[in-house]
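Colleague:
Listed below in structure tokens is the structure:
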């Protein structure tokens, strides 16, 4: 019982669904949508910066700020999100891993990519390389 209490102190975000546009093209757009539940006993009490981070197979990173405010995800509630991002015309071909990065600073401003970021409770979705939570792959 104590482990349950410890694991749920503060906010605790769990991805309940996530889907991506399976294909995007350079100069086009990609879409991500999903649902996150705050199963913790509290809420985020600080302003957040949210970004979609695309990681190419060679490690190239493309970021775009998105309109998600984790401080509005209330305890005991599900929150839906939908993100549309333009892919730069000069992006490399290949499969991009898509991450939702929520933190106190942007990817570009952070001293380390995972500095001050929110790690979701799902197993094996957090990336210390991007500071984001894996949401799917875009080709």
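Numbering (this note's numbering), first residue to last: 4 to 142. Cβ coordinates follow ideal geometry from the N, Cα and C atoms, glycine included.
Can residue 84 and residue 56 be called in contact, C-beta distance under 8 Å?
Modeller: Not a contact, by the Cβ cut-off of 8 Å.
Colleague: Which residue wins for smallest C-alpha separation from residue 33, given the options 19, 67, 135 and 48?
Modeller: Among 19, 67, 135 and 48, the Cα nearest to that of residue 33 is on 67.
Colleague: Residue 14 lies in the beta strand (DSSP E); which residues open and close that run?
Modeller: No beta strand (DSSP E) holds residue 14; DSSP gives it neither H nor E.
Colleague: Report, in whole angstroms, the separation of the C-beta atoms of residue 123 and residue 16, which I expect to be a contact under 8 Å.
Modeller: The Cβ separation is near 5 Å, so the contact holds.
Colleague: State the beta-bridge partners of residue 39 as determined by DSSP.
Modeller: Answer is 18 and 82, bridged to residue 39.
Colleague: For residue 33, verify whether its CB is less than 7 Å away from any heavy atom of the ligand MG.
Modeller: The ligand MG is not part of this structure, which contains no ligands at all.
Colleague: Skipping 5 residues on each side, what residues in its chain have a beta carbon closer than 8 Å to that of residue 77?
Modeller: For residue 77, where only same-chain residues beyond five positions count, the Cβ hits under 8 Å are 41 and 46.
Colleague: Considering Cα atoms alone, identify which of 137, 82, 52 and 61 is closest to residue 69.
Modeller: With distances taken between Cα atoms, residue 69 lies closest to 52.
Colleague: Is residue 112 helix, strand or coil when you go by DSSP?
Modeller: Note: residue 112 maps to coil in three-state DSSP.
Colleague: Taking DSSP as the reference, what is the three-state secondary structure of residue 92?
Modeller: Residue 92: coil per DSSP, three-state reduction.
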